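Following my numbering, the numbering of the sequence shown begins with 58 at its first residue and continues without gaps. Backbone N, C-alpha and C define an ideal beta-carbon position, used for all residues, glycine too. Remember, predicted model here, so these are calculated numbers, not experimental data.
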Amino acid sequence: MGVSGSGKSHIGQQLAASMGATFIDGDDHHSPANVAKMASGTPLNDDDRRDWLATLAGLFAEYKARDESVVIACSGLKRRYRDRLREGDSALRILYLEGTHGLLRERLETRAGHFFKGDSMLASQLADLEPPAADEAVTFSISLTPAVIVERFSATLVPEQRRSLG
Numbered sequence: 058m059g060v061s062g063s064g065k066s067h068i069g070q071q072l073a074a075s076m077g078a079t080f081i082d083g084d085d086h087h088s089p090a091n092v093a094k095m096a097s098g099t100p101l102n103d104d105d106r107r108d109w110l111a112t113l114a115g116l117f118a119e120y121k122a123r124d125e126s127v128v129i130a131c132s133g134l135k136r137r138y139r140d141r142l143r144e145g146d147s148a149l150r151i152l153y154l155e156g157t158h159g160l161l162r163e164r165l166e167t168r169a170g171h172f173f174k175g176d177s178m179l180a181s182q183l184a185d186l187e188p189p190a191a192d193e194a195v196t197f198s199i200s201l202t203p204a205v206i207v208e209r210f211s212a213t214l215v216p217e218q219r220r221s222l223g
């Protein structure tokens with residue numbers, strides 16, 4: 058989890074590959090209306106995210122029911138969003154990718170072909186962000202390399218927790 062530009066997809070793909078898990082990019086499950094809204098530079102609100110979070114929680118539940126591991130990249134900005142995701146799998150482990158505004162903005166400016174546009178949208182996500190407490194997520198700075206983040210996060214997992222990861 059983390060705001061746009063934190064590396065959720067890149068690190069999620071590497072984590073899934075290291076575990077032999079399926080990777081799902083949560084952005085691929087936004088409705089066309091949400092994508093259009095973000096592409097126009099308008100931030101999503103809680104109502105916009107409601108069905109999206111339900112979809113992702115459903116994916117966690119499907120993988121749990123099949124006893125398969127999954128890593129889903131998702132912003133998870135608020136505690137209630139993360140609680141909603143845990144409805145799909147109460148054993149969900151969350152990796153929070155934390156970064157400074159400057160580094161996040163720099164990354165977004167160099168990213169091409171993504172629907173997330175504008176510094177105002179980043180500012181909106183940072184304003185909405187409720188950083189997770191230690192009891193709900195493991196936090197790493199995005200100033201670390203992806204390989205180090207994957208290695209360190211993997212070391213925090215016990216075998217039964219490898220089923221669902223966000």
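Practice prompt. Could you pull the start and end residues of the beta strand (DSSP E) that Val92 belongs to?
Written response: Locating residue 92 in the sequence shown gives position 35, where the first residue counts as 1. First-last for Val92: 89 to 96, but that is the alpha helix (DSSP H), not the beta strand (DSSP E).
Worksheet item: Quick one: complete beta strand (DSSP E) runs, 3+ long, within the region 66 to 149?
Response: 79 to 82, 127 to 130
Worksheet item: Just to confirm, are Pro203 and Gly59 a CB contact at a threshold of 8 Å?
Response: Working through the sequence shown from its first residue, we reach residue 203 at position 146. Working through the sequence shown from its first residue, we reach residue 59 at position 2. No, they are not a contact pair.
Fill in: CB-CB length for Leu179 against Leu160, believed under 8 Å
Taking the sequence shown and counting its residues from 1, the one referred to as residue 179 is at position 122. Taking the sequence shown and counting its residues from 1, the one referred to as residue 160 is at position 103. Not confirmed; about 11 Å, so no contact.
Item to complete: Could you check the C-alpha separation between Arg123 and Leu152 for me, to the nearest Å?
Response: Within the sequence shown, residue 123 is the residue found at index 66, counting from 1. Within the sequence shown, residue 152 is the residue found at index 95, counting from 1. Those two C-alpha atoms are separated by around 22 Å.
Practice prompt. Go ahead and pull the three-state DSSP assignment for Leu157.
Written response: On the sequence shown, position 100 is the one that residue 157 refers to. Sequence check: residue 157 is Thr here, not Leu. Coil.
Worksheet entry | Residue range of the unbroken alpha helix (DSSP H) whose run includes Val205 | Residue mapping note: residue 205 aligns to position 148 of the sequence shown, counting from 1. First-last of the alpha helix (DSSP H) with Val205: 203 to 212.
Worksheet item: Where does Leu186 fall in DSSP's three states?
Response: In the sequence shown, counting from the first residue as 1, residue 186 sits at position 129. Reduced to three states, the DSSP call for Leu186 is coil.
Item to complete: Using 10 angstroms around the beta-carbon of Val127, count the other beta-carbons present and answer buried if the total reaches 16, otherwise exposed.
Response: One-based indexing of the sequence shown puts residue 127 at position 70. Per the 10 Å Cβ criterion, buried.
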